[in-house]
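Q:
Residue numbers (the UniProt record's numbering): 1 to 141.
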């Protein structure tokens, strides 16, 4: 986990992307925020980039490759798996089957998007600050 790396947000809803962008600007974290509307494009980026992302925040319900399928593909890619990138679901789908399926894929968190700007901002702040405090095997000094 590279704490100075970009935060990858995989969200197909443009309105949600804009709200998240405003929140990240207000919170003033130093990490670059990179948005993807599709899981396939995010996977392609993760495979090809030399950057090591800090976090992946992913929706579940997306066209082509959904968040659960994307997580599975990351887990089966040795190069991506050893980067220890925390993968968190950030979604409106809180159905039990999604939560169980997500954790069966070894996600590091499952969050339901709050319905107000301030609650959403607070949740994002808590998530990022938590992971800034965590250590991973490949970044302990």
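The beta-carbon is built from N, C-alpha and C at its ideal position, and this holds for glycine as well. It should be emphasised that the depicted structure is a prediction, and the values quoted were computed from it without experimental measurement.
1. Output the distance between the C-alpha atoms of residue 59 and residue 134, rounded to the nearest integer angstrom.
2. If you draw a straight line from the C-alpha of residue 110 to the C-alpha of residue 91, how long is it?
3. Where does residue 115 land, buried or exposed, given buried means 16+ other C-beta within 10 angstroms?
4. Report the rounded CA-to-CA distance for residue 34 versus residue 12, giving the unit in angstroms.
5. Since residue 58 sits in a beta bridge, which residues does DSSP pair it with?
6. Cα separation between residue 98 and residue 113?
A: In terms of the structure at hand:
1. To locate residue 59, count along the chain shown from 1; it is residue 59. To locate residue 134, count along the chain shown from 1; it is residue 134. Straight-line Cα distance between these residues: approximately 23 angstroms.
2. Translated into positions along the chain shown, residue 110 becomes position 110. Translated into positions along the chain shown, residue 91 becomes position 91. The alpha-carbon atoms of residue 110 and residue 91 are separated by roughly 8 angstroms.
3. By 1-based counting over the chain shown, the position of residue 115 is 115. Looking at its Cβ environment, which holds fewer than 16 other Cβ atoms inside 10 Å, residue 115 is exposed.
4. Here residue 34 refers to the residue found at position 34 of the chain shown. Here residue 12 refers to the residue found at position 12 of the chain shown. Answer to the nearest angstrom: the Cα atoms are 13 angstroms apart.
5. Working through the chain shown from its first residue, we reach residue 58 at position 58. In the DSSP output, where bridge partners are listed per residue, residue 58 has 10, 89.
6. Counted from its first residue, the chain shown places residue 98 at position 98. Counted from its first residue, the chain shown places residue 113 at position 113. Looking at the two C-alpha atoms, the distance is approximately 14 angstroms.
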